[in-house]
Amino acid sequence: MVERDKRSFNKRFEEIGLLEDSQQMWSYLIPIKLIKMSDTKLGDGFFGSVHLAELIQNQKTVCIKQLRVQESMSEEVVMQLSTSIMEEIRRMKNLEHENVMRLEGFTLKDEAKTKIPMMILPYMEAGDLQKYLANEKHKVNFELVVRFALESAQGMDYLSRNSIIHRDLAARNCLLDEGLKLKIADFGLSKHIDNAYENSECYVVQTQHHLPFRWMAPESLKTRTFNIKTDIWSYGILLWEITTRGRHPYGTIKSTEELISYLDNTNRLPKPIRCSPDLYVKMMECWGDLPGDRPSFFSLAVFMRNYLTKVQQNNTSRDQLLLNDDGFDENWLHCYAQLNTFQAEKPFSQKKMLHNLNYEMEPGLTAMDLAKASQMDRSDEFLNESCGEVISTSAYANL
Numbered sequence: 017m018v019e020r021d022k023r024s025f026n027k028r029f030e031e032i033g034l035l036e037d038s039q040q041m042w043s044y045l046i047p048i049k050l051i052k053m054s055d056t057k058l059g060d061g062f063f064g065s066v067h068l069a070e071l072i073q074n075q076k077t078v079c080i081k082q083l084r085v086q087e088s089m090s091e092e093v094v095m096q097l098s099t100s101i102m103e104e105i106r107r108m109k110n111l112e113h114e115n116v117m118r119l120e121g122f123t124l125k126d127e128a129k130t131k132i133p134m135m136i137l138p139y140m141e142a143g144d145l146q147k148y149l150a151n152e153k154h155k156v157n158f159e160l161v162v163r164f165a166l167e168s169a170q171g172m173d174y175l176s177r178n179s180i181i182h183r184d185l186a187a188r189n190c191l192l193d194e195g196l197k198l199k200i201a202d203f204g205l206s207k208h209i210d211n212a213y214e215n216s217e218c219y220v221v222q223t224q225h226h227l228p229f230r231w232m233a234p235e236s237l238k239t240r241t242f243n244i245k246t247d248i249w250s251y252g253i254l255l256w257e258i259t260t261r262g263r264h265p266y267g268t269i270k271s272t273e274e275l276i277s278y279l280d281n282t283n284r285l286p287k288p289i290r291c292s293p294d295l296y297v298k299m300m301e302c303w304g305d306l307p308g309d310r311p312s313f314f315s316l317a318v319f320m321r322n323y324l325t326k327v328q329q330n331n332t333s334r335d336q337l338l339l340n341d342d343g344f345d346e347n348w349l350h351c352y353a354q355l356n357t358f359q360a361e362k363p364f365s366q367k368k369m370l371h372n373l374n375y376e377m378e379p380g381l382t383a384m385d386l387a388k389a390s391q392m393d394r395s396d397e398f399l400n401e402s403c404g405e406v407i408s409t410s411a412y413a414n415l
């Protein structure tokens, strides 16, 4: 059985021009007979499922991620899907970061049309971030919130520097180990899965319904464009999930078209009531209309690391608990004085400032209109000169 698998394995890698990698990849292959599959299903989605399992040789608890092969798929599509997964496994085996899910190995499952690789991943005791946050039994303080924000930024920075686009960054795809260390999971595969399903008849009807459109950037919604900057947008939605304890973004919006209209009218998710002005500013930066205006994961990670240090030094903010039924802050442009405790190392730029000053909202003026003030010169000096006083939005009338 093993020799037959090896011949099939080498043939597949020769077909995709990666035969030189087959020997190294072979060392990651765990024969399926050495895996004790469990009936416990940890997750189930449109593309596949995740089951609890045990490696017989060392009694290690792991997760098996297997993709669902549909009867409507042709043999060519199944082969393409299998090959794409193998290519992603090849890339994933070289990734090593404390905030990125690592690969334990893979195994091959016999299907009618081919052998489908199944990923073997570490078992994350605390489950996914969304379910953890939504569980009222878990105490979530502000320090933990910022730590989750930092660790997710660090993981995504590592992936982006390795030219990996996630395309489905969300709290449900962040897993927590027993020490609540966050690991970015389910990265990269979505691109290959999407391409394979696009060639099958079931794609248009079913995949459109299952797209994670609430986490997608406007350009992704409109043109199916995905890159690092669209992942940045999704990171902003992830921050919102974290600060709302796992709430569903855009809860009343039901379709992609409705969300596009909502965003085109310069609307954004509201500020969670227990979210600091600093974090909401970062969300708004991630949701910039122009992809080039959005920050990098590196800059986000640096900010979050410095911000976590400041939070840890302030007992009041550090220990503040976030509740599941917390609402939203309608007057989210807070007085600049509120930032005294958490202020970043240098004064906020004009773009950031607008989210932290009291103001008198003029009729018809939106938050994104105010954001145009980022084009002003001497913005940091202007912020310092304001001294936290109320500034009327009429000051921006000519922008």
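17 is the number of the first residue of the sequence shown in the working numbering; add one for each residue after it.
Cβ coordinates follow ideal geometry from the N, Cα and C atoms, glycine included.
Residues GLU141 of the same chain have their beta carbon placed closer than 6 Å to that of GLU194, with the five preceding and five following residues left out of the count. In the structure shown, the three-state DSSP call for MET135 is strand.
Short of 6 Å from the beta carbon of ARG230, and not among the five residues preceding or following it, lie these beta carbons of its own chain, in chain order: PRO265 and TYR266. The beta carbons of CYS302 and TRP256 sit no closer together than 7 Å.
Closest by C-alpha distance to THR241, out of ASP184, ILE132 and MET108, is ASP184. Taking a 10 Å sphere around the C-beta of GLU92, we find fewer than 16 other C-beta atoms and assign the residue as exposed. Per DSSP, the beta-bridge partners of GLY121 are ILE136.
In the three-state reduction of the DSSP assignment, PRO47 falls in the coil class, being assigned neither a helical nor a strand state. Between the alpha carbons of ASN330 and PRO293 lies a gap of roughly 16 Å.
In the DSSP annotation of this structure, the continuous segment of the alpha helix (DSSP H) that includes GLY252 starts and ends at 244-259.
Excluding the 5 residues flanking it on each side, GLU70 has same chain C-beta neighbours closer than 8 Å at ILE51, LYS52, SER54, LYS76, THR77 and VAL78, in chain order. Nearest Cα to HIS67 within the set LEU83, LEU275 and GLU152: LEU83. When the beta-carbon positions are compared, PRO138 and PHE122 stay at least 7 Å from each other. The Cβ-Cβ distance between ASP173 and PHE319 does not fall below 7 Å. Minimum Cα-Cα distance from ALA187 among the listed residues ILE72, ILE258, THR325 and GLY171 corresponds to ILE258. DSSP places LEU196 outside both helix and strand once states are collapsed to three, so it counts as coil.
Every alpha helix (DSSP H) stretch that sits fully inside the region 305-352 and reaches 4 residues is listed by chain position as 313-328 and 331-334. Going by DSSP, LEU149 is part of the alpha helix (DSSP H) stretching over 145-150. With respect to the 7 Å criterion, LYS131 and TYR44 are not classified as neighbours on the basis of their beta carbons.
The straight-line gap separating the alpha-carbon atoms of LYS155 and VAL161 is approximately 11 Å. Judged by beta-carbon spacing, PHE158 lies within the 7 Å limit of GLN336, meaning their Cβ atoms are closer than that value. Taking 7 Å as the cut-off, the Cβ atoms of PRO234 and LEU175 do not count as close. Separation of the CB atoms of VAL116 and LYS199 is rounded to 6 Å, and the pair is thereby assigned contact status at 8 Å. DSSP places GLU273 in the helix class (H, G or I) of the three-state scheme. VAL297 and ILE48 have their C-alpha atoms spaced approximately 49 Å apart. Excluding the 5 residues flanking it on each side, LYS287 has same chain C-beta neighbours closer than 7 Å at TYR296, PHE344, ASP345 and TRP348, in chain order. The continuous beta strand (DSSP E) containing GLU70 extends over residues 64-71. In the structure shown, the three-state DSSP call for LYS57 is strand. ALA201 sits close to LEU191, with the two beta carbons spaced by under 7 Å. In summary, ILE101 is buried, with 16 or more beta-carbon neighbours lying within 10 Å of its beta-carbon over all protein chains present.
With fewer than 16 neighbouring CB atoms inside 10 Å of its own CB, SER277 falls in the exposed class. With respect to the C-alpha of ARG321, the residue from LYS245, LYS153, ALA169 and SER65 having the closest C-alpha is ALA169. LEU237 places its beta carbon 7 Å or farther from that of THR268.
Around the Cβ of ASP341, a 10 Å sphere holds fewer than 16 other Cβ atoms; the residue is exposed. Contact between LEU149 and TYR251 is absent: CB atoms are separated by about 16 Å, not below the 8 Å threshold.
Straight-line measurement puts the Cα of VAL327 at about 25 Å from the Cα of LYS147.
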